[in-house]
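In the numbering used here, each number is its position in the sequence shown, counted from 1, plus 945.
Accompanying notes for the structure given below.
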Amino acid sequence: MNSDFLRESCVENLFEAKMAEKNGANVIELCSKLEFDGLTPDKSVIKHCQSELNSPIKVMIRPRKGDFEYSAKELDVIKSQIEYCLNHGIHNIVFGAIKNGKLDLKTISEVSEFSKKLNITVHKAIDYSSDILDDVENLKNVENVTSILSSGQQKTAFEGVECLLKMKKSCGKRINLIPAGKITANNVDQLHEILGLRHYHGRKIVSLK
């Protein structure tokens, strides 16, 4: 297995998390409802994975399916989910918000301030932006944002390589760009030859069996 980059496996439960770790995943992202592109996982899944895994864990913070524009009431729910993570030893969360066709930097900044020292990965909500490179630049000013997850505004990372290469240049050393979108154990090496990044994400990036 190529050790030039990190493999981030997206899982829904403790069994999948253990299998991913056993089969070479370097980072585990916990979600629920992947048929809706991932929602916040159950508290019990977070708790058990935190106590039983050795790999770094990221927790998806997304309270409902649908768009990424959140009301004040929904933001309260988001903060309560983050607070649970803060109180249970989680160091990394995944979050994103969109408003008027671009990243909602006000909400993302508010979440960043509330999250204290948690590292934030801005998820594929950014792929819905009307000016993705401008949003990348703006995220550099949000202190806790350490990574961006993107398929380059396409259905797959391979289809989005042109955009991803532009994003890579814009991210520089400040933000870790993590490609996603149909990346598997069978094609990640090929994608790495094109992009030369240090981190890749996928549901099937390692075997879960």
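Glycine included, every Cβ here is placed at the ideal spot set by N, Cα and C.
A quick note: this is a predicted structure, and the numbers were derived from the prediction, not measured.
Task: Collapsed DSSP secondary structure at Cys1116 in the structure displayed - done: In the sequence shown, residue 1116 corresponds to position 171, counting from 1. If DSSP states are grouped into helix, strand and coil, Cys1116 belongs with the helices.
Task: Rounded separation between Asn1064 and Leu1153 - CA only - done: Translated into the one-based positions of the sequence shown, residue 1064 becomes position 119. Translated into the one-based positions of the sequence shown, residue 1153 becomes position 208. About 26 Å.
Open item on the list: Considering Cα atoms alone, identify which of Asn1083, Gly1117 and Leu1136 is closest to Val1106.
Closed with: Counting from 1 along the sequence shown, the entry for residue 1106 is found at position 161. For the residues Asn1083, Gly1117 and Leu1136, the minimum Cα distance to Val1106 belongs to Leu1136.
Task: Buried or exposed by the 16-neighbour rule on C-beta atoms within 10 Å, applied to Gly1034 - done: Residue numbering aside, residue 1034 sits at position 89 when the sequence shown is read from its first letter. Flag for Gly1034 reads exposed.
TODO: Check whether the region 1083 to 1103 touches the region 1042 to 1055, taking contact to mean three or more Cβ pairs, one atom from each stretch, closer than 8 Å.
DONE: yes
Task: Distance cut-off 7 Å: Lys1069 Cβ against heavy atoms of the ligand HEM - done: For the structure depicted, the ligand HEM is absent and the ligand set is empty, with no information on it obtainable.
Task: Neighbourhood of Ser1025 by C-beta distance below 6 Å, restricted to the same chain and skipping five residues each side - done: Position 80 of the sequence shown, counted from the start, is the residue given in the question as residue 1025. Excluding positions up to five away in sequence, the list is empty.
Open item on the list: Determine whether the beta carbon atoms of Val1081 and Arg952 lie at a separation below 8 Å.
Closed with: Reading the sequence shown from its first residue, position 136 is the one you call residue 1081. Reading the sequence shown from its first residue, position 7 is the one you call residue 952. Against a cut-off of 8 Å, the Cβ pair of Arg952 and Val1081 comes out as no contact.
TODO: Run the CB neighbour count on Asp1072, radius 10 Å, all protein chains shown included, and call it buried at 16 or more, exposed below.
DONE: Stepping through the sequence shown from its first residue, residue 1072 is reached at position 127. It counts as buried.
Task: Nearest-angstrom Cβ-Cβ length linking Lys1003 and Phe981, presumed shorter than 8 Å - done: By 1-based counting over the sequence shown, the position of residue 1003 is 58. By 1-based counting over the sequence shown, the position of residue 981 is 36. Not confirmed; about 18 Å, so no contact.
Open item on the list: Just list the residues that DSSP pairs Leu1122 with in beta bridges.
Closed with: Here the question's residue 1122 lines up with position 177 in the sequence shown. According to DSSP, which records beta bridges pairwise, Leu1122 is partnered with Ile1093.
Open item on the list: Which same chain residues end up closer than 7 Å to Ser1075 when comparing Cβ atoms and leaving out the 5 residues on each side of it in sequence?
Closed with: As a first step, residue 1075 must be located in the sequence shown, where it is residue number 130. Excluding positions up to five away in sequence, the list reads Gly1046 and Lys1047.
TODO: Please report how far the alpha carbon of Gly1147 lies from the alpha carbon of Asn1132, in whole angstroms.
DONE: Taking the first residue of the sequence shown as position 1, residue 1147 is located at position 202. Taking the first residue of the sequence shown as position 1, residue 1132 is located at position 187. C-alpha separation (whole angstroms): 11 Å.
- [ ] For my contact list, Gln1099 and Gly1126 are in at a C-beta cut-off of 8 Å; report their separation, rounded to the angstrom.
- [x] Your numbering for residue 1099 matches position 154 in the sequence shown. Your numbering for residue 1126 matches position 181 in the sequence shown. Gln1099 to Gly1126, Cβ: 7 Å. Contact.
- [ ] Would you mind sorting Ala1017 into buried or exposed? The rule is 16 or more other CB atoms within 10 Å of its CB.
- [x] Position 72 of the sequence shown, counted from the start, is the residue given in the question as residue 1017. Flag for Ala1017 reads exposed.
TODO: Taking Tyr1145 as part of the beta strand (DSSP E), name the residues at either end of that continuous run.
DONE: Working through the sequence shown from its first residue, we reach residue 1145 at position 200. First-last of the beta strand (DSSP E) with Tyr1145: His1144 to Gly1147.
Task: Where the alpha helix (DSSP H) containing Lys1155 begins and where it ends - done: This structure cannot speak to residue 1155, because the chain is shown only from 946 to 1154.
Task: Cβ separation of Ile1120 and Tyr1145, assumed to be a contact under 8 Å, to the nearest whole Å - done: Taking the first residue of the sequence shown as position 1, residue 1120 is located at position 175. Taking the first residue of the sequence shown as position 1, residue 1145 is located at position 200. Going by Cβ atoms, the distance from Ile1120 to Tyr1145 rounds to 15 Å, so no, they are not a contact pair.
Open item on the list: Tell me which residue opens and which closes the beta strand (DSSP E) that Thr1066 is part of.
Closed with: Residue 1066 sits at position 121 when you count from the first residue of the sequence shown. Run containing Thr1066: Asn1064 to Val1067, per the beta strand (DSSP E) assignment.
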